[in-house]
Amino acid sequence: MLASGILGYATETFESLVEGGAGAIVTKSVGLKPRKGYANPTVVQASYGLINAMGLPNSGIDEFVNEIREAKTVLEVPLIVSVYGYSAEEYASVARKAEAAGADAVELNVSCPHVKETGSEIGQNPEILTEVVKRVKAVVSKPVIAKLSPNVTNIEDIAEAAEKAGADALTAINTVKAMAIDTETAKPILANKVGGLSGLAVKPIALRCVYDIYERVKIPIIGCGGITNWTDAVEFLLAGASAVQIGTAIATKGTSVFKSVTRGLDAYLERKGFESVNEIVGLSHRR
Ligand code: DHB
Numbered sequence: 031m032l033a034s035g036i037l038g039y040a041t042e043t044f045e046s047l048v049e050g051g052a053g054a055i056v057t058k059s060v061g062l063k064p065r066k067g068y069a070n071p072t073v074v075q076a077s078y079g080l081i082n083a084m085g086l087p088n089s090g091i092d093e094f095v096n097e098i099r100e101a102k103t104v105l106e107v108p109l110i111v112s113v114y115g116y117s118a119e120e121y122a123s124v125a126r127k128a129e130a131a132g133a134d135a136v137e138l139n140v141s142c143p144h145v146k147e148t149g150s151e152i153g154q155n156p157e158i159l160t161e162v163v164k165r166v167k168a169v170v171s172k173p174v175i176a177k178l179s180p181n182v183t184n185i186e187d188i189a190e191a192a193e194k195a196g197a198d199a200l201t202a203i204n205t206v207k208a209m210a211i212d213t214e215t216a217k218p219i220l221a222n223k224v225g226g227l228s229g230l231a232v233k234p235i236a237l238r239c240v241y242d243i244y245e246r247v248k249i250p251i252i253g254c255g256g257i258t259n260w261t262d263a264v265e266f267l268l269a270g271a272s273a274v275q276i277g278t279a280i281a282t283k284g285t286s287v288f289k290s291v292t293r294g295l296d297a298y299l300e301r302k303g304f305e306s307v308n309e310i311v312g313l314s315h316r317r
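When we follow the working numbering, the leftmost residue of the sequence shown carries the number 31, and every step to the right adds one.
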């Protein structure tokens, strides 16, 4: 799947991602009201990945429903709409509107590492997270996926809270809170000072999160974080993910990264004598 936040705005780009092999699309997060986002610079590019602080820029759900409807007329793969809010009611209202416009599932962004009063401020607190998941589940019949933050002491506790509240699946992980400083100006590079780290550097962190969550919950886990090639994808499946998302690797490898991952995965399954991806989900937990 395409991970949320990368090229997740418009139908034309969704189509080129599907041509590149994406099996599902997750949109950039959308809220109840339009949001401008932060001033530039919003991205730091480094060898180990990206640090970004966009500030959840989006047109608001009432405008974004047009994009969802248009995408649904052409897309042949599921469209998952990422939603955020400043309260449980807001999450529910955005999710309901997204579903009514045709979303095949909603992914709750309860894990953006730096926008105040939303994101990880919700997803780091099991009680608030429970309330959000319950409210959304009460108004949406399509699957509800909670995207979890690694910026917590025990992600498996948060995963369990989301499962108990009724989440149908989990995405692990969102970005890791991070920053970079310009040595010449002696100032933080990002206008927001801190942002979220994605890409190569977070892969081992994400993998460990998926592994720990798999030990605790029964609902499917979608692995996300630094997946760049088929071996990364296989590692996540072995750790317990039933599917994976790719985001940052598109910046380095282009949209065909999805095909190179699925081809490599197919070859691996055949070489190892497996009939289906399902046979390797969680296999590294064998005792
Ligand atoms: C933003 C949102 C995220 O969920 C994230 O992980 C990083 C950045 C943003 O819009 O700034």
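Heads up, the beta-carbon is just placed ideally off N, CA and C, and yes, glycines get one too.
Proximity below 9 Å, CB of residue i to CB of residue j
{"i": "residue 205", "j": "residue 70", "result": "no"}
{"i": "residue 199", "j": "residue 161", "result": "no"}
{"i": "residue 285", "j": "residue 50", "result": "yes"}
{"i": "residue 114", "j": "residue 67", "result": "no"}
{"i": "residue 58", "j": "residue 34", "result": "yes"}
{"i": "residue 163", "j": "residue 192", "result": "yes"}
{"i": "residue 279", "j": "residue 258", "result": "yes"}
{"i": "residue 38", "j": "residue 65", "result": "no"}
{"i": "residue 136", "j": "residue 166", "result": "yes"}
{"i": "residue 138", "j": "residue 130", "result": "no"}
{"i": "residue 281", "j": "residue 86", "result": "no"}
Best match in the options for proximity to residue i [C-alpha to C-alpha]
{"i": "residue 256", "options": "237, 125, 269, 286", "result": "237"}
{"i": "residue 159", "options": "77, 274, 176", "result": "176"}
{"i": "residue 112", "options": "104, 105, 103, 98", "result": "98"}
{"i": "residue 143", "options": "207, 233, 262, 234", "result": "207"}
{"i": "residue 94", "options": "283, 127, 151", "result": "127"}
{"i": "residue 73", "options": "211, 239, 92", "result": "211"}
The ligand DHB heavy atom lying under 8 Å from the CB of residue i
{"i": "residue 83", "result": "yes"}
{"i": "residue 72", "result": "yes"}
{"i": "residue 90", "result": "no"}
{"i": "residue 201", "result": "no"}
{"i": "residue 315", "result": "no"}
{"i": "residue 141", "result": "yes"}
Endpoints, the alpha helix (DSSP H) within which residue i is located
{"i": "residue 239", "result": "233-246"}
{"i": "residue 120", "result": "118-131"}
{"i": "residue 169", "result": "156-169"}
{"i": "residue 153", "result": "150-153"}
Inter-residue CB distance, residue i and residue j (contact presumed, cutoff 8 Å)
{"i": "residue 185", "j": "residue 242", "result": "6 Å"}
{"i": "residue 307", "j": "residue 313", "result": "Contact doesn't hold; Cβ gap of about 11 Å is too wide."}
{"i": "residue 246", "j": "residue 190", "result": "5 Å"}
{"i": "residue 273", "j": "residue 84", "result": "That belief does not hold up - the Cβ atoms of residue 273 and residue 84 are roughly 25 Å apart, past 8 Å."}
{"i": "residue 291", "j": "residue 310", "result": "That pair is no contact at about 14 Å."}
Extent of the continuous beta strand (DSSP E) to which residue i belongs
{"i": "residue 82", "result": "79-82"}
{"i": "residue 251", "result": "251-254"}
{"i": "residue 57", "result": "It is not in any beta strand (DSSP E) - residue 57 carries neither H nor E in the DSSP assignment."}
{"i": "residue 102", "result": "Taken as a continuous stretch (DSSP letters only), residue 102 belongs to no beta strand (DSSP E), being part of the alpha helix (DSSP H) at 91-104."}
{"i": "residue 137", "result": "135-139"}
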